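Peer 1: The structure's right below; bear with me while I get my questions together.
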Amino acid sequence: MPTKKSLVQNKELNSNLLRKKIWKIINLLEANQLFVHSRKIEISFTPEGKKKVEKRNLPEILTICMLNAIAPNSAMLLIGGHGGGKTSICKLLGRMVTGKSLKEIEASIVRGHPQLTEEKLIGTLKLGELMQGKEIVSWRRFVIDFWKIIDEVNRLSPYAQDILLSLLAEGQVKYFDEVQNISKFSLYATINPQDVGTFELSEPFLDRFGISVQISMPTSHDLQIILKGKDEKYSGYDELVQVPQVLTLDDLMEIWYQVDKIDFTTDANNIIHAIIREFTLCMRIDKGNIEELKPGEGLCSGCHFNTKVNICNKVSSILSVRVAKDLLRYSKALAWLLGLNKIVLPLVVNIAPYVISHRVDFTDRELNASPYYGNKLYYTKDLIDNVRKRYLKRKEAYDVLDKFRLGEGSETDLQTLKKYVNNDLIVKLDLDPLIKTLNNKKYAEVAKEITAASKRNDIEILSKIKDDLLENIEFPNRGDLINRCNEELYKQTIRVFNFKYKYWQDIWASIAVEFPELDELIKQSFEKRQTKQIRTKDLLIEINVSGTSENSTVNFGISGGSDALKLKKLIEKEPFIEENK
Numbered sequence: 009m010p011t012k013k014s015l016v017q018n019k020e021l022n023s024n025l026l027r028k029k030i031w032k033i034i035n036l037l038e039a040n041q042l043f044v045h046s047r048k049i050e051i052s053f054t055p056e057g058k059k060k061v062e063k064r065n066l067p068e069i070l071t072i073c074m075l076n077a078i079a080p081n082s083a084m085l086l087i088g089g090h091g092g093g094k095t096s097i098c099k100l101l102g103r104m105v106t107g108k109s110l111k112e113i114e115a116s117i118v119r120g121h122p123q124l125t126e127e128k129l130i131g132t133l134k135l136g137e138l139m140q141g142k143e144i145v146s147w148r149r150f151v152i153d154f155w156k157i158i159d160e161v162n163r164l165s166p167y168a169q170d171i172l173l174s175l176l177a178e179g180q181v182k183y184f185d186e187v188q189n190i191s192k193f194s195l196y197a198t199i200n201p202q203d204v205g206t207f208e209l210s211e212p213f214l215d216r217f218g219i220s221v222q223i224s225m226p227t228s229h230d231l232q233i234i235l236k237g238k239d240e241k242y243s244g245y246d247e248l249v250q251v252p253q254v255l256t257l258d259d260l261m262e263i264w265y266q267v268d269k270i271d272f273t274t275d276a277n278n279i280i281h282a283i284i285r286e287f288t289l290c291m292r293i294d295k296g297n298i299e300e301l302k303p304g305e306g307l308c309s310g311c312h313f314n315t316k317v318n319i320c321n322k323v324s325s326i327l328s329v330r331v332a333k334d335l336l337r338y339s340k341a342l343a344w345l346l347g348l349n350k351i352v353l354p355l356v357v358n359i360a361p362y363v364i365s366h367r368v369d370f371t372d373r374e375l376n377a378s379p380y381y382g383n384k385l386y387y388t389k390d391l392i393d394n395v396r397k398r399y400l401k402r403k404e405a406y407d408v409l410d411k412f413r414l415g416e417g418s419e420t421d422l423q424t425l426k427k428y429v430n431n432d433l434i435v436k437l438d439l440d441p442l443i444k445t446l447n448n449k450k451y452a453e454v455a456k457e458i459t460a461a462s463k464r465n466d467i468e469i470l471s472k473i474k475d476d477l478l479e480n481i482e483f484p485n486r487g488d489l490i491n492r493c494n495e496e497l498y499k500q501t502i503r504v505f506n507f508k509y510k511y512w513q514d515i516w517a518s519i520a521v522e523f524p525e526l527d528e529l530i531k532q533s534f535e536k537r538q539t540k541q542i543r544t545k546d547l548l549i550e551i552n553v554s555g556t557s558e559n560s561t562v563n564f565g566i567s568g569g570s571d572a573l574k575l576k577k578l579i580e581k582e583p584f585i586e587e588n589k
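By the count of our numbering, the sequence shown reaches residue 589 at its end, each step adding exactly one.
Following this line, the structure appears as structure tokens:
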């Protein structure tokens, strides 16, 4: 049997090998001059637990496109004029990530145009069966293929956009009485803003695209390199040398699993909150529910917060909860790509403009003036840097909030908070009201009990506190305490086991004997490549099936109370199991 130390080393080796494959894709695309663009993302960060600042210069467009591939079930927009290589880079990445030929990738591309019908986009009825009175759908390759590309999405009619919205929002496509579930995909869509005959893309539709990047025309230096390269119009691409398969879908599913497990620092968590709220808050109205009044149209006149440093007077729309989740997801992907175990604040700040710029409706005055001249990405970068500076100034207020969450706040802390209330919108509208609800004797007592039980690793007490809170709907701010209990129970009990897919029936049979109520749910989880959670009152099972070939990896996570401990002992007995530490 392998030792715990060897299992940890194997896990790190596997993670590093997969990371090297991702960098190989980026390096091959640059080295073989398949995509040449000199713009960089400069990131300076200090990994948690270290003092030395690390600096990385990453190729902007290739990095953002690759992050979309390694962030689970993601969709991105590539925005730029014709001939910039938007569609080409999506096709080349698809070849190297999935192993499908460029011809196969090309065959599944949807070319946007106003006359694109539902039948051409998602599927048709099989004629033979239809003549017999049966409605059997033959799905288009765009629907069933993992790697999805939509060329010039802004040329799709509003009806076609609604079909795509269903795919992105619900993970399924409907045609007649059939439903095609799309549990795993990676989607890329291009936009040419200068193209004639385009349709406006609605805010809900744009909000479904997690990240975007601008594709500008190559510089003189870039063109010099491009013109010296191989002419693919003459000889095509050498798919074994120039554009080889580097990953398999099984590899990518394992990367998705690793990316999802990346943790975050307190600062990274708080800056995500700060970004969302700075772009959304208004002292006078709820921007999400009132259309008549907007910044730049008289709303901000005479307001105490109508200053140059505030963000609220520059943004007409709001940022959804989906934006917060996308900030976390793409920050996790960037952290994994850089070999970090946790997201740190600079990663969020660097990725945020690409997640936000295509989703926001800005006021025109500053956006259209020098030095931005309508460039939403550059304008968003400056606003995000302003958010970062404002967050660091109010960091003391977040520290006060943390104390009250733990039941340890004092009168001195409340006095500290008062320094920020009149001049900081987030403190005034978010932190101060929350702290007032936490400043409660009952809350403080339970918060301290949770801290004490966590230090003792007392699962029974944590479970009892959680159950009591679930029964007491009137307990002050119980949601915060329940979340703390869930987080601690997860930390105390989480165990992740790895095994090859060929052993799934052994695992299923063992669990079904001791937990017959889980029989069918466990079986369904192994039917295809997917990630699934199974919950009971005392147990959470997370199953990640990277593929269905014999040697595909299955990650099997267990957490919870006494049932979790029982299941853990059951799984450990199997000879083919490796515990993922």
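C-beta: ideal position from N, C-alpha, C; glycine also.
Keep in mind the model is a prediction, meaning the values are calculated, not measured.
1. From Asn22 to Asp259, what does the alpha carbon distance come to, in whole angstroms?
2. Just how far apart, CA to CA, sit Leu209 and Leu526?
3. Within 10 angstroms of its Cβ, does Glu160 collect 16 or more other Cβ (buried), or is it exposed?
4. Among Asn480, Leu26, Glu550, Glu580, which has the Cα closest to the Cα of Glu262?
5. Reducing DSSP to helix, strand and coil, say where Val16 ends up.
6. For the segment 96–103 against the segment 68–75, do three or more pairs of beta-carbon atoms, one drawn from each stretch, fall closer than 8 Å, so that the two count as touching?
7. Output the boundary residues of the beta strand (DSSP E) element that contains Ser194.
8. Starting from Lys48, follow the beta strand (DSSP E) in both directions and report where the run begins and ends.
9. Would Ile270 and Lys192 be called neighbours here (beta carbons separated by less than 9 Å)?
10. My output table needs one value for Thr11: the three-state DSSP class, helix, strand or coil.
11. Consider the C-beta atom of Ile144 and the heavy atoms of the ligand PLP; say whether any pair is separated by less than 8 Å.
12. State buried or exposed for Pro67, treating a residue as buried only when at least 16 other CB atoms are found within 10 Å of its CB.
13. For a test of the three-state rule: what should DSSP assign to Glu582, helix, strand or coil?
14. For Lys295 and Leu433, I'd like the C-alpha separation in whole angstroms.
15. Alpha helix (DSSP H) containing Ile392: first to last residue?
16. Excluding the 5 residues preceding and the 5 following Glu558 in the sequence, name in chain order all residues of the same chain whose CB lies nearer than 8 Å to its CB.
17. For Arg149, report the span of its beta strand (DSSP E) as first-last.
18. Less than 7 Å between C-beta atoms, sequence neighbours within five positions excluded: which residues of the same chain meet that for Thr206?
19. Rounded to a whole number of angstroms, what is the C-alpha to C-alpha distance between Gln250 and Val553?
20. Look up Pro122 in the DSSP assignment and say whether it is helix, strand or coil.
21. Under the DSSP definition of a beta bridge, which residues are partnered with Lys182?
22. Among Ile34, Phe313, Ala343, Ile481, which one has its Cα closest to the Cα of Pro252?
23. Give me the residue from Leu575, Ser518, Phe523, Trp512 with the minimum Cα distance to Thr561.
24. Please report the distance separating the alpha-carbon of Asn297 from that of Ser328.
25. Unbroken alpha helix (DSSP H) runs of length 4 or more, entirely within the segment 493–522: which are they?
26. Hey, would you say Leu470 sits closer than 9 Å to Leu497, going by beta carbons?
27. Measure the Cβ-Cβ separation of Ala282 and Tyr399 and say whether it is below 9 Å.
28. Is Val352 closer than 9 Å to Glu56 when the C-beta atoms are compared?
29. Just to confirm before moving on: does the CB-CB distance between Ala79 and Ile284 stay below 9 Å?
30. Which of the three DSSP states is assigned to Met84 in this structure?
31. Would you mind sorting Met84 into buried or exposed? The rule is 16 or more other CB atoms within 10 Å of its CB.
32. Can you name the start and end residues of the alpha helix (DSSP H) that Gln202 belongs to?
33. Since Leu346 and Arg64 are thought to touch, with beta carbons under 8 Å apart, how far apart are those beta carbons, to the nearest angstrom?
34. On the three-state DSSP scale, how would you describe Asp215?
35. With DSSP as the reference, please indicate the residues paired to Thr561 in a beta bridge.
36. Using the Cβ count rule (16 or more neighbours within 10 Å means buried), how would you classify Ala177?
Peer 2: Walking through what the data contain:
1. Translated into positions along the sequence shown, residue 22 becomes position 14. Translated into positions along the sequence shown, residue 259 becomes position 251. Cα to Cα, the separation comes out at about 10 Å.
2. Mapped onto the sequence shown, residue 209 falls at position 201. Mapped onto the sequence shown, residue 526 falls at position 518. If I take the Cα positions, the gap works out to 44 Å.
3. The residue given as residue 160 occupies position 152 in the sequence shown. The residue is buried, with at least 16 neighbouring Cβ atoms inside 10 Å.
4. On the sequence shown, position 254 is the one that residue 262 refers to. The shortest C-alpha separation from Glu262 is found at Leu26.
5. Within the sequence shown, residue 16 is the residue found at index 8, counting from 1. Note that Val16 scores a pLDDT of 49, beneath 50, so its modelled location is shaky; the value from the coordinates is reported in the next line. Here Val16 sits in helix by DSSP.
6. yes
7. Taking the first residue of the sequence shown as 1, we reach residue 194 at position 186. Taken as a continuous stretch (DSSP letters only), the beta strand (DSSP E) holding Ser194 covers 194–199.
8. Along the sequence shown, one-based indexing puts residue 48 at 40. Per DSSP, Lys48 belongs to the beta strand (DSSP E) from 48–53.
9. The residue you call residue 270 lines up with position 262 of the sequence shown. The residue you call residue 192 lines up with position 184 of the sequence shown. Not closer than 9 Å, so no.
10. Along the sequence shown, one-based indexing puts residue 11 at 3. At Thr11, the pLDDT of 48 sits below 50, so the modelled position is not reliable and the matter cannot be decided from this model.
11. Inclusion of the ligand PLP in the displayed structure is not the case, the ligand content being empty and no account of it being possible.
12. Translated into the one-based positions of the sequence shown, residue 67 becomes position 59. Result: buried.
13. For the purposes of this step, residue 582 is identified with residue 574 of the sequence shown, where counting begins at 1. The answer is coil: DSSP assigns Glu582 none of H, G, I, E or B.
14. Along the sequence shown, read from residue 1 onward, the residue named residue 295 stands at position 287. Along the sequence shown, read from residue 1 onward, the residue named residue 433 stands at position 425. Using only the alpha carbons, I get a separation of about 14 Å.
15. Taking the first residue of the sequence shown as 1, we reach residue 392 at position 384. 384–401 is the extent of the alpha helix (DSSP H) around Ile392.
16. Indexing the sequence shown from 1 puts residue 558 at position 550. Result list for Glu558: Lys508, Tyr509, Lys510, in chain order.
17. The residue labelled residue 149 in the question sits at position 141 within the sequence shown. Counting along the chain, Arg149 falls outside any beta strand (DSSP E), though it belongs to the alpha helix (DSSP H) covering 149–152.
18. Within the sequence shown, the letter at position 198 stands for residue 206. Once the five neighbours on either side are set aside, the close Cβ partners of Thr206 are Asn162, Arg163.
19. The residue you call residue 250 lines up with position 242 of the sequence shown. The residue you call residue 553 lines up with position 545 of the sequence shown. Each residue's alpha carbon lies about 31 Å from the other.
20. Residue mapping note: residue 122 aligns to position 114 of the sequence shown, counting from 1. It is coil, neither helix nor strand.
21. Taking the sequence shown and counting its residues from 1, the one referred to as residue 182 is at position 174. Bridge partners of Lys182: Val187.
22. Taking the first residue of the sequence shown as position 1, residue 252 is located at position 244. It is Ile34 whose Cα lies nearest to the Cα of Pro252.
23. If you number the sequence shown from 1, residue 561 lands on position 553. Ranking the options by Cα distance to Thr561, first place goes to Trp512.
24. Reading the sequence shown from its first residue, position 289 is the one you call residue 297. Reading the sequence shown from its first residue, position 320 is the one you call residue 328. Those two C-alpha atoms are separated by around 13 Å.
25. 512–522
26. On the sequence shown, position 462 is the one that residue 470 refers to. On the sequence shown, position 489 is the one that residue 497 refers to. For Leu470 and Leu497, yes; Cβs fall inside 9 Å.
27. Along the sequence shown, read from residue 1 onward, the residue named residue 282 stands at position 274. Along the sequence shown, read from residue 1 onward, the residue named residue 399 stands at position 391. Yes, the Cβ-Cβ distance between Ala282 and Tyr399 is below 9 Å.
28. The count along the sequence shown starts at 1 and reaches residue 56 at position 48. The count along the sequence shown starts at 1 and reaches residue 352 at position 344. Contact: yes.
29. Along the sequence shown, one-based indexing puts residue 79 at 71. Along the sequence shown, one-based indexing puts residue 284 at 276. Not in contact: Ala79 and Ile284 (Cβ atoms no closer than 9 Å).
30. Along the sequence shown, one-based indexing puts residue 84 at 76. It is a strand residue.
31. Here the question's residue 84 lines up with position 76 in the sequence shown. By the 10 Å Cβ count, Met84 comes out buried.
32. For this step, residue 202 is matched to residue 194 along the sequence shown. Gln202 -> no alpha helix (DSSP H), and no H or E assigned at all.
33. Counting from 1 along the sequence shown, the entry for residue 346 is found at position 338. Counting from 1 along the sequence shown, the entry for residue 64 is found at position 56. So it is a contact: roughly 7 Å between Cβ atoms.
34. To locate residue 215, count along the sequence shown from 1; it is residue 207. The answer is helix: DSSP assigns Asp215 an H, G or I state.
35. Along the sequence shown, read from residue 1 onward, the residue named residue 561 stands at position 553. Per DSSP, Lys508.
36. Here residue 177 refers to the residue found at position 169 of the sequence shown. Answer is exposed; the Cβ neighbour count stays below 16.
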